[in-house]
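Asker: In this note's numbering, the protein residues as written are 71 to 156. Note that beta-carbon positions come from the ideal geometry of N, C-alpha and C, so glycine has one too.
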């Protein structure tokens, strides 16, 4: 019983919390038609690409999601790396 509860909160902490912090999903206003579902899919895809991409700074091992998102927005070379994993 406790394992299933811990498993649920593990998913909540890893995915939903990240989506809310990085993309402010709780403040999203898309509510009509397929908009919310489509935006959720794009957010999850973007999050997985950001997590899979190598660190933009060779000296630091761990960089947070919002920092990776900011660096990708400011640096076209890193954005290319995130999108195409090269």
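Taking residue 136 as part of the alpha helix (DSSP H), name the residues at either end of that continuous run.
Answerer: 135-144
Asker: Drop a sphere of 10 angstroms on the beta-carbon of residue 123, count the other beta-carbons inside from all chains shown, and report buried for 16 or more, exposed for fewer.
Answerer: buried
Asker: Measuring CA to CA, which of 113, 73 and 103 is closest to residue 88?
Answerer: 113
Asker: Report the rounded CA-to-CA distance for residue 111 versus residue 128, giving the unit in angstroms.
Answerer: 30 Å
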